[in-house]
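Below is one structure, written out as structure tokens; comments come after it.
There are 2 protein chains.
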Amino acid sequence: MALGKDYATQECSIARALEVVGERWTLLVVRDAIYGVRRYNDFLVHLGIPRAVLSARLKALTEEGILDRRRYQESPPRDEYVVTERGIALWPALRALAVWGREHFMDRQLRAFRHVDCGTELGPYGECPACGTVVPVGDVVLVPGPGLDPEPADPVSRALLRPKRLLEPLVTESAPTGESVQPV
Amino acid sequence: MALGKDYATQECSIARALEVVGERWTLLVVRDAIYGVRRYNDFLVHLGIPRAVLSARLKALTEEGILDRRRYQESPPRDEYVVTERGIALWPALRALAVWGREHFMDRQLRAFRHVDCGTELGPYGECPACGTVVPVGDVVLVPGPGLDPEPADPVSRALLRPKRLLEPLVTESAPTGESVQPV
DNA sequence: ACCATCGGTTCGTTCATTGAACCAAGAGGT
DNA sequence: ACCTCTTGGTTCAATGAACGAACCGATGGT
Numbered sequence: 147m148a149l150g151k152d153y154a155t156q157e158c159s160i161a162r163a164l165e166v167v168g169e170r171w172t173l174l175v176v177r178d179a180i181y182g183v184r185r186y187n188d189f190l191v192h193l194g195i196p197r198a199v200l201s202a203r204l205k206a207l208t209e210e211g212i213l214d215r216r217r218y219q220e221s222p223p224r225d226e227y228v229v230t231e232r233g234i235a236l237w238p239a240l241r242a243l244a245v246w247g248r249e250h251f252m253d254r255q256l257r258a259f260r261h262v263d264c265g266t267e268l269g270p271y272g273e274c275p276a277c278g279t280v281v282p283v284g285d286v287v288l289v290p291g292p293g294l295d296p297e298p299a300d301p302v303s304r305a306l307l308r309p310k311r312l313l314e315p316l317v318t319e320s321a322p323t324g325e326s327v328q329p330v
Numbered sequence: 147m148a149l150g151k152d153y154a155t156q157e158c159s160i161a162r163a164l165e166v167v168g169e170r171w172t173l174l175v176v177r178d179a180i181y182g183v184r185r186y187n188d189f190l191v192h193l194g195i196p197r198a199v200l201s202a203r204l205k206a207l208t209e210e211g212i213l214d215r216r217r218y219q220e221s222p223p224r225d226e227y228v229v230t231e232r233g234i235a236l237w238p239a240l241r242a243l244a245v246w247g248r249e250h251f252m253d254r255q256l257r258a259f260r261h262v263d264c265g266t267e268l269g270p271y272g273e274c275p276a277c278g279t280v281v282p283v284g285d286v287v288l289v290p291g292p293g294l295d296p297e298p299a300d301p302v303s304r305a306l307l308r309p310k311r312l313l314e315p316l317v318t319e320s321a322p323t324g325e326s327v328q329p330v
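Residue numbers (the working numbering), protein chains in the order written: chain W, 147 to 330; chain A, 147 to 330.
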């Protein structure tokens, strides 16, 4: 989708990749999908993305085989978007971007990624320094760091305040009406 | 530049990175800079990018410390854009994108990256399988593969038909060599 | 004097993004 | 039956970015 008209003249697999995931928001959608976000509304509130753009991105990512749209209940028919192997394969690229962004543009660490087997923080290539192996995405735990807003507005960010294994579906506390919260 | 307005709400180093290099064309400019492209006109013809967009990207990348603009001759005053350490640090991300793009969307291999010391093709994380070390970008050779157009239109693509060490300034047919310029 | 090159800027058109409004199919309560 | 809420969208006018062609200015060559 990403403007194939021009990138197509490039004989380069980087350009080819960017045609697929180079558009605005796209990589953030994939990131969220790997974090376990699956529902339209969760993407919406977590990303703060316009609805029309989200619909377009989900559609394109599904067509490219990066997300898989599937029915998760029939009663009111509802679909969820689950990241595929092809989408999971973007993890090294996302991780490299995260390492670069943190190294060069962030003053504090927001989150860390740890190997679920031993708790060791992953190295720059997604490997576990203790075990000496590349850790599969499903064996990575996302743990919140000290620099994170302790009371974010959207339920997805709140769910991510607790350690979260990647790829596992995210459960948000969907509380429709009044209940106990807010000690100021 | 890259739409900080919205991504800024994201507490995430991936989003932060994409604010800097997530705009259209930006990562391809960085790729070319790592390949050794330094001159405005070489970027222009190799990327097929509109001049106004190229000017904006070079300016933004320079301001972010990813490129360094420096005078390489005085007679007609001419500047070149040289990739900095911060830009070189994007190499793992570019490489991960290239691996993903080739794996999932390309039928043939266009180029290969080899370790200059031993000629071994790099592994997915930019490591040399033979030497067992991560290869610094300056020790990588870009070699053309079989699927490449043998007679491309622009001089930059033609120059890249021969093996080319990364980071070394690219010399095109018409351009004189910048002999006095030495990296640090 | 004339033309070419390099590195841009300017400008009108086209295309994508944005945000607000609207829509529709259940589900649940009264 | 009726009203209302939730979920997952679509539509639309306004804005902003990208595109491509034209133009510009400094310099060098003939």
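All C-beta atoms, glycine included, are put in the ideal place defined by N, C-alpha and C.
Is residue i buried or exposed, if buried means 16 or more other CB atoms sit within 10 Å of its CB?
i, result
"R216(A)", "exposed"
"S159(A)", "buried"
"G168(W)", "buried"
"G265(A)", "exposed"
"D253(A)", "exposed"
"Y218(W)", "exposed"
"E165(W)", "buried"
"E297(W)", "exposed"
"T279(W)", "exposed"
"R203(A)", "buried"
"C274(W)", "buried"
"G272(A)", "buried"
"E220(A)", "exposed"
"E319(W)", "exposed"
"E209(W)", "exposed"
"E128(A)", "Lying outside 147 to 330, the shown extent of chain A, residue 128(A) is not represented and no answer is given."
Can you look up residue i in the DSSP assignment and give me helix, strand or coil?
i, result
"E267(A)", "strand"
"R177(W)", "helix"
"L316(A)", "coil"
"L207(W)", "helix"
"R304(A)", "helix"
"V283(A)", "helix"
"V289(W)", "strand"
"A258(A)", "strand"
"E273(W)", "strand"
"R170(A)", "coil"
"R311(W)", "strand"
"G233(A)", "helix"
"V199(A)", "helix"
"Y153(W)", "helix"
Are residue i and residue j close, meaning C-beta to C-beta below 8 Å?
i, j, result
"V283(A)", "W237(A)", "yes"
"L294(W)", "R257(W)", "yes"
"Q255(W)", "G233(W)", "no"
"P270(W)", "V287(W)", "no"
"L316(A)", "V183(A)", "yes"
"L243(W)", "A163(A)", "yes"
"L268(A)", "I180(A)", "no"
"V302(W)", "V191(W)", "yes"
"E226(A)", "R197(A)", "no"
"L240(W)", "L173(W)", "yes"
"F189(A)", "V175(A)", "yes"
"A235(A)", "H250(W)", "yes"
"P277(A)", "D263(A)", "Here residue 277(A) turns out to be Cys, not Pro, going by the sequence shown. Their beta carbons are under 8 Å apart, which means C277(A) touches D263(A) by this criterion."
At which residues does the beta strand (DSSP E) containing residue i begin and terminate?
i, result
"E226(A)", "224 to 229"
"D295(W)", "That residue, D295(W), is in no beta strand (DSSP E); it is neither H nor E in DSSP."
"R217(A)", "213 to 219"
"A244(A)", "Per DSSP, A244(A) belongs to no beta strand (DSSP E); it is in the alpha helix (DSSP H), 237 to 251."
Which two residues bound the contiguous alpha helix (DSSP H) that contains residue i?
i, result
"I345(W)", "Past the edges of chain W, shown from 147 to 330, lies residue 345(W), and the structure says nothing about it."
"V191(W)", "186 to 193"
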